[in-house]
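Sequential numbering of the sequence shown, starting at 3, is according to this note's numbering. The beta carbon of each residue, even a glycine, is placed where N, CA and C say it ideally should be. Since the structure is predicted, the reported quantities are computational estimates derived from the model, not experimental observations.
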Amino acid sequence: MDFMGLMKQAQQMQAKMAEAQLELEQTVVEGEAGGGMVRVALTAKGGMKSISIDPSLLTPDEKEILQDLILTAHMQARAKAEEAMAEKMKALTGGLPLPPGFKLPF
């Protein structure tokens with residue numbers, strides 16, 4: 003077993019993970035609800051970047067509808083963010099099937 007080769011591979015993987023984390027922080031996904039009347043943009047790591055609300059929804063009578071639309075748009079964007087993260091990790095690990103709950107970086 004080549005210990006130095008294994009260490010070099012671990013260092014390369016660590017560098018790739020750091021690069022992937024930076025890329026995920028810069029990747030923006032968008033969720034929408036109400037036919038695009040509410041839009042939420044998140045980074046692939048889940049940080050909210052922006053929210054856009056159609057002015058027609060800004061009436062007191064529409065408060066509950068607006069709240070539901072914001073939640074729906076956020077959930078959609080979050081699902082897209084998780085998908086982007088999973089794709090990045092799959093590419094990084096070469097499709098290696100990791101056990102459920104196993105998170106990288108270590």
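Residues bridged to residue i (per DSSP)
i	result
M50	L44
G33	V42
Other residues of its chain near residue i: CB distance less than 7 Å, five sequence neighbours each side excluded
i	result
Q11	none
F108	Residue confidence for F108 is low, a pLDDT of 44 falling below 50, so the modelled location carries little weight; the figure read from the coordinates is stated next. Nothing listed; no residue qualifies.
A46	L26, T29, V31, A83, A86 and M87
T61	none
Cβ-Cβ distance between residue i and residue j below 8 Å
i	j	result
L71	A22	no
G48	R80	yes
L59	I53	no
The alpha helix (DSSP H) enclosing residue i, as first and last residue numbers
i	result
E84	K65 to L94
G7	F5 to Q28
Cut-off 6 Å between Cβ atoms - residues of its own chain near residue i, not counting five sequence neighbours on either side
i	result
D56	M39
### Query
Would you call the region 35-47 and the region 67-80 in contact, with 3 or more CB pairs under 8 Å?
yes
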